[in-house]
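Our numbering applies: residue 509 is where the sequence shown begins, and numbers increase by one.
All C-beta atoms, glycine included, are put in the ideal place defined by N, C-alpha and C.
Heads up, the thing below is written out as structure tokens.
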Amino acid sequence: MRIRVTPGGRLRGVLHVPGDKSIAHRWLILACTGSSRSRLTGLPGALDVRSTASCLAELTLKARPALDLWARNASSGVEGGGSTWNDTPRGVSNGTLEVEGEGRDGLVEPGAGLDCGNSGTSMRLLAGILATAPFTSRLTGDRSLSTRPMERVAGPLRQMGATVRTTDGHPPLIVTGGRLLGIEHRMEAPSAQVKGALLLAGVQASGETFVVEPAATRDHTERALDALGAPVRRDGLRVGIARFQHEGFEATVPGDPSSAAFLIAAAALSGSEVTIEGVGLNPTRLHFLQVLSRMGVTVETAIAGEQLGEPVGSIHVAPTDALRSTRVEADELPLVIDEVPVLAMLGTHAPGETWFLGASELRVKESDRLAALVAGIRALGGHAAAESDDLVIAGGGLRGGVASSGGDHRVAMAFTVGSLAADRPSEVEGMEAAAVSFPGFVETLRSMGAGIEVVG
């Protein structure tokens, strides 16, 4: 899909964003491995989440009918028994799912390979629960996922007792479960996905399992396990878990703050006032708000409640007069890894240079995001460069042009938002990629008053 973005005009609205897909992956897995019925609301129809649901359908018996139905409804926008789906006026799709948990030992051998699509989160987290399953599973993905590193999760799972094979460190990931023993694993690179996989394996292992991070990452797995009563131990960058069987639960998935970041940036670039409600306010996901503050954006948060250990509330964006450049240090990068594309687009409109240091992890995301951002910003008439693993953006604005997402959802949405403040209309190719994390993204921007039309 190709869109044309016409700059100018203020945006407005009280908005909602799709449910947080990082949380949705984890809660779906926990619902299917609980010992009784679980009910999840606010599930996003993101392609990545549907990949996790489809894989879990292959691994379960009791939960399979509801998972299959939910995945079909999510892709078609209809309602059905046991699984409901609705499209809100803002283009945000969120569903409800009830499943009968299989228990920690209730997974069944899949009849075919488990297709994770474009979702590295699905592949790594599922490897964690499959590490004790008494059968062999083959986790595959699309061309992009097949280039992403998997030894970082395969290695420690082998140390725990599972048999895990990769192809030169990449997918497919072939996992044969075994009797797991707890380990202490020190990660070389920060990764919430690897941490989550090891904690999910740890609840099935003998003894305690500890993960030590080099830098803080999002903590959705340990928050959920703790809320369910698991013996989670946290000490700074060290988190531990012991064997535990949780019961079913009811929870509503909070709105995705990483999706909210695009709407916040759109408001900042247009000097607008916007409120986003029902969004997750997990501190490990909000560091980008500190970066925005340094860039001159006034943002306020208000916590209204909690869901399975996750704080939920609203984000209010006040009109921004002028943006400032900033410097994002290497130790900050893990906490803003998903927001770098949209922060970079703000940097194109901020006088001076905006730096993102030590951003090597961006090279192994859904695309080489460093290369994609540099190419796209230049195509839109801006100035950017990748110096080793650092990204530098020169302010001065965007003249306008045509940029390609390269099939990367966050890059597609970032180019769209940045183009709202360009000198002339711009076009973004490959906008269908936005459905990976934010179905209805274009419709949501239109509801705010943005000038966007589909042209191909």
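Item                                                                                                                                                                                         : Value
Looking at residue 776: is its Cβ nearer than 8 Å to the Cβ of residue 733?                                                                                                                  : no
Leaving out the 5 sequence neighbours to the left and right, which residues in its chain are closer than 8 Å to residue 794 when beta-carbon positions are compared?                         : 765, 809
Using only the alpha-carbon positions, how far apart do residue 615 and residue 545 sit?                                                                                                     : 15 Å
Helix, strand or coil for residue 857, going by three-state DSSP, please let me know.                                                                                                        : coil
Give the DSSP-derived three-state secondary structure of residue 794 in the structure shown.                                                                                                 : coil
Give the secondary structure of residue 907 by DSSP, where H, G and I count as helix, E and B as strand, and everything else as coil.                                                        : coil
Count the other CB atoms, across all protein chains shown, that sit within 10 Å of the CB of residue 634; report buried if there are 16 or more and exposed otherwise.                       : buried
Along the chain, which unbroken stretches of the beta strand (DSSP E) at least 3 residues long are found entirely within the stretch 660-748?                                                : 671-675, 678-684, 692-694, 716-720, 741-743
Would you say residue 553 and residue 947 are within 8 Å of each other, going by their C-beta atoms?                                                                                         : yes
Helix, strand or coil for residue 845 per DSSP?                                                                                                                                              : coil
With a cut-off of 8 Å on the beta carbons, I'd call residue 631 and residue 679 a contact; round off their distance for me.                                                                  : 7 Å
Please report the distance separating the alpha-carbon of residue 783 from that of residue 956.                                                                                              : 11 Å
Spell out the partners DSSP gives residue 898 in its beta bridges.                                                                                                                           : 895
According to the Cβ coordinates, are residue 547 and residue 579 closer than 8 Å?                                                                                                            : no
Give the secondary structure of residue 926 by DSSP, where H, G and I count as helix, E and B as strand, and everything else as coil.                                                        : helix
Give me the DSSP bridge partner(s) of residue 822.                                                                                                                                           : 810
Based on the DSSP output, what are the partners of residue 512 in its beta bridges?                                                                                                          : 935, 961
Rounded C-beta distance between residue 670 and residue 639? I'm assuming under 8 Å.                                                                                                         : 4 Å
Since I believe residue 604 is in contact with residue 549 (beta carbons under 8 Å), could you give me their beta-carbon distance rounded to a whole number of angstroms?                    : 5 Å
From the DSSP output, which residues share a beta bridge with residue 783?                                                                                                                   : 522, 824
Report the residue from 840, 820, 772 whose alpha carbon sits nearest the alpha carbon of residue 807.                                                                                       : 772
Express the C-alpha separation of residue 819 and residue 812 in angstroms, rounding to a whole number.                                                                                      : 8 Å
Decide if residue 915 is buried, meaning its Cβ has at least 16 other Cβ atoms within 10 Å, or exposed.                                                                                      : buried
Looking at the structure shown, is residue 546 part of a helix, part of a strand, or coil, going by DSSP?                                                                                    : strand
Measure the C-alpha to C-alpha separation of residue 523 and residue 906 and round it to an integer number of angstroms.                                                                     : 27 Å
Using the C-alpha atoms, what's the distance from residue 514 back to residue 958?                                                                                                           : 8 Å
Put residue 766 into one of helix, strand or coil per three-state DSSP.                                                                                                                      : helix
Residue 928 to residue 825, Cα distance in whole Å?                                                                                                                                          : 17 Å
Would you kindly check if the distance between the Cβ of residue 827 and the Cβ of residue 869 is under 8 Å?                                                                                 : no
Is the stretch 918-933 in contact with the stretch 529-536, if contact means three or more CB pairs nearer than 8 Å?                                                                         : no
Report the three-state DSSP secondary structure of residue 834 (helix, strand or coil).                                                                                                      : coil
Indicate whether residue 890 and residue 912 have their beta-carbon atoms separated by less than 8 Å.                                                                                        : no
Note down, in chain order, each residue of its chain lying with its Cβ closer than 6 Å to the Cβ of residue 760, except the 5 sequence neighbours on either side.                            : 549, 550, 815
Can you tell me whether residue 573 is helix, strand or coil according to DSSP?                                                                                                              : helix
With DSSP as the reference, label residue 650 as helix, strand or coil.                                                                                                                      : coil
Give every residue of the same chain whose Cβ lies closer than 6 Å to the Cβ of residue 497, excluding the five residues on either side of it in the sequence, and list them in chain order. : Beyond the ends of the chain as shown, which are 509 and 964, falls residue 497; an answer cannot be given.
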